[in-house]
Structure formats: structure tokens, C-alpha cells
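Contents: one structure, followed by commentary.
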Amino acid sequence: MAAPSAEQQNGQSDESDLQSPISTNDEDSETGAGDGALPDYVVDLIEKEIGGDLKSLKKVSSLLEKLTAENKLLEEQVSQVARWIWADSG
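Residue numbers (my numbering): 12 to 101.
Rendered as C-alpha cells:
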């Protein structure tokens, strides 16, 4: 049998990291600093929509698809309004 890892000896596991997203207020978090920390608004959204249940994390994919589609629709609406305003002012 293999010797326990340092994480197992300390009572920590990879699953505990997944159950609690890391929250940060760093300015770099909005630009994707790559340190694994998530902006507070992302953590709040995940906790609201998914919760801390590890099994519920499979909902993330569909949630991201939904948010991406909504974002694309909003971008199209903004572009359309901008073109309308530009045409009116010209």
C-alpha cells in the first residue's frame, strides 16, 4: 500500500478545494491573473445557481452556455442600438 500523501496526512483533499470556490477582491482577478482565484461576482453566482454540492457542479456547463447565449444577445442588441443612434445622428 502506498504511503499517504501530505494532503491526506493533513486531512485535506482535492474535493474540499472544489466545494468552496476561492473568493478574491484583487484587481487582477478581473483580468484573469491565472492564480486560481475567482472574482467575487463569479463565486456569488456559482453559490447562488449551483451551491456547494460537488454533484451539482455538472450544472456549470449548461449555466455557462446559457450565460454565453445571453451575453451574445445583449451584445447584438447594443450593436443594433448603436447603429440606430449613429444613423440618426448622421
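Virtual Cβ for every residue (Gly too), placed ideally from N, Cα, C.
Whole-angstrom Cβ separation of L74 and E60, contact assumed at under 8 Å? Confirmed, Cβ separation roughly 6 Å.
By the DSSP assignment, the alpha helix (DSSP H) with A48 in it spans what residues? No alpha helix (DSSP H) contains A48, which DSSP labels as neither H nor E.
Can you give me the C-alpha to C-alpha distance between V53 and Q88, rounded to a whole angstrom? 24 Å
Is I61 helix, strand or coil when you go by DSSP? coil
Distance, A80 Cα to W95 Cα: A80 has its alpha-carbon roughly 23 Å from the corresponding atom of W95.
What's the C-alpha gap between I57 and L78? 12 Å
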